[in-house]
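Read through the structure below, which is laid out as structure tokens, and then see the notes.
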Amino acid sequence: MNYAHRFHAGNFADVHKHLVLTALLMRLSEKPSPWFYLDTHAGEGLYPLANLSPQGRNEFESGVAPIFQAPIDNPVVRTYQALLHRFNPEATLACYPGSPLVAAALARTGDRLVATEWVPERAQTLRGNLARGPVNVHCRDGYEALGAFLPPREQRGVILIDPPYESMRETEPLLRALSRALARFPHGIYLIWHPGVDPAFVSGLRRKLQTLGDVTFLDWQTSRRQGLRGSGLAVFNLPHGLAARLDQVWQSLGGIYATTLGPVEFVQTESPKKRMTGRIRKMLP
Ligand SMILES: C[S@@+](CC[C@H](N)C(=O)[O-])C[C@H]1O[C@@H](n2cnc3c(N)ncnc32)[C@H](O)[C@@H]1O
């Protein structure tokens, strides 16, 4: 297991993924009944940003740094910023919270959270970073956990599947496990991250994902030539109205990434089954 998220934490792919996660959990919290969250590839949870290599610095400086203090009038962005400040109380960006800590920060009493991480030392670090928080951490295979924890008794929830894609064959266990998970818990909201670099890989994965159900694709990309240039999220069962709410999120980011990422394009591709707007494109600034 060579991939270590600590060298990439807080890059724009993380910001994009965690803003979508924030919007989804905020939406579920609009109803009083408890929700369930499963993070299959959880990582270490909290990542120090000091002492990173120049490449690592570059990733978070063009990702979380511009949004950290920016005055942005959008409820999802404000919630995300508030949780960043909870982990950085000195108002300087010293660490970045990963997905299990983002979800834990948004959980209410009664919500139930499970995180699985394959690497024992990382699972141990995650437990320490959660400091007896509301997340149950298991050191086990995340794909196998989909079978073990679904369907949840809450009958509503978000499942984040965020593999490292060390090999492009990662999609084989991913699609097998996802297909079984959708059969066990068809109404769950599944959020699957994928890299955006290789168009053939992305379109191949999407064709297969579309055979599994009602999926919306949320992408961002830049035209810069070096470093991270884009990534995507496939969302099964995106709640009604969330695409429009997310569109406002991307709109609200305005020009804050102009100097770090260059023009950023956000593309939301709705499932054809929904017969909705189809593609929403936003180019900022
Ligand atoms: C991209 S990182 C996770 C980042 C995290 N989801 C976040 O947003 O902060 C992927 C993690 O998955 C772990 N991993 C790799 N294969 C796994 C598997 N089969 N089951 C569970 N965890 C796995 C890696 O050790 C790594 O920590």
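Heads up: the sequence shown is residues 396 to 680, going by this note's numbering. The C-beta atom is built at its ideal place from N, Cα and C for all residues, glycine as well.
Assuming contact is defined by CB atoms lying nearer than 8 angstroms, are Thr611 and Val597 in contact in what I supplied? No, Cβ-Cβ distance for Thr611 and Val597 is not below 8 angstroms.
Taking Cβ to Cβ, would you say Val592 is nearer than 8 angstroms to Arg564? Taking 8 angstroms as the Cβ cut-off, Val592 and Arg564 do not qualify as a contacting pair.
Identify the residues that DSSP records as bridge partners of Arg345: which are they? This structure leaves residue 345 out entirely; the chain is present only between 396 and 680.
Any contact between the stretch 427 to 437 and the stretch 451 to 460? By contact I mean 3 or more CB pairs, one from each, below 8 angstroms. With a cut-off of 8 angstroms, the stretch 451 to 460 and the stretch 427 to 437 do not count as touching, because too few Cβ pairs lie within range.
To the nearest angstrom, report how far apart Tyr585 and Val472 are at their CA atoms. Separation of Tyr585 and Val472 (C-alpha to C-alpha, rounded to the nearest whole angstrom) is 21 angstroms.
Could you tell me the alpha carbon to alpha carbon distance between Glu539 and Asn446, rounded to whole angstroms? Approximately 35 angstroms, taken between the alpha carbons.
Comparing alpha-carbon positions, which option in Pro559, Val530, Phe580 and Leu478 lies nearest Phe402? When Pro559, Val530, Phe580 and Leu478 are compared, the shortest CA-CA separation from Phe402 is found for Pro559.
Is Asn406 buried or exposed, if buried means 16 or more other CB atoms sit within 10 Å of its CB? Asn406 is buried by the Cβ-count criterion.
Can you tell me which of Glu549, Asp557 and Val410 puts its alpha carbon nearest to the alpha carbon of Ala399? Across the set Glu549, Asp557 and Val410, the C-alpha of Asp557 shows the shortest separation from the C-alpha of Ala399.
Kindly list the residues whose CB is nearer than 7 angstroms to the CB of Pro515, restricted to its own chain and excluding five residues on each side of it in sequence; keep chain order. Scanning its chain for C-beta atoms nearer than 7 angstroms, with the 5 sequence neighbours on each side dropped, one finds around Pro515 the residues Cys534, in chain order.
Taking all protein chains shown into account, decide if Ala499 is buried (16 or more other Cβ within 10 angstroms of its Cβ) or exposed. Label assigned to Ala499: buried.
CB-CB under 8 angstroms to Asp536, same chain, minus the five flanking residues each way: which ones, in chain order? These residues qualify, in order along the chain: Thr511 and Trp513.
What's the gap between the Cα of Asp409 and the Cα of Ala460? Between the alpha carbons of Asp409 and Ala460 lies a distance of about 12 angstroms.
Proximity winner among Arg571, Leu545, Tyr652 and Arg551, relative to Lys603 (alpha-carbon distances): Check the Cα spacing between Lys603 and each of Arg571, Leu545, Tyr652 and Arg551: the tightest is with Arg571.
In three-state terms, what does DSSP make of His411? Collapsing the DSSP output to three states places His411 in a helix.
Skipping 5 residues on each side, what residues in its chain have a beta carbon closer than 6 angstroms to that of Leu633? Cβ neighbours of Leu633 beyond the five flanking positions: Thr611.
In whole angstroms, what separates the C-alpha of Phe482 from that of Arg527? Within the model, the alpha-carbon separation for Phe482 versus Arg527 is close to 16 angstroms.
Do Trp430 and Gly608 have their CB atoms nearer than 8 angstroms? The criterion of a C-beta distance shorter than 8 angstroms is not satisfied by Trp430 and Gly608.
For ligand 1, any of its heavy atoms closer than 7 angstroms to the Cβ of Arg571? No - ligand 1 has no heavy atom lying nearer than 7 angstroms to the Cβ of Arg571.
Going by DSSP, what residues sit across from Cys490 in a beta bridge? In the DSSP output, where bridge partners are listed per residue, Cys490 has Pro443.
Assuming contact is defined by CB atoms lying nearer than 8 angstroms, are Leu541 and Arg575 in contact in what I supplied? Yes, Cβ-Cβ distance for Leu541 and Arg575 is below 8 angstroms.
Is Arg620 buried or exposed, if buried means 16 or more other CB atoms sit within 10 Å of its CB? Per the 10 Å Cβ criterion, exposed.
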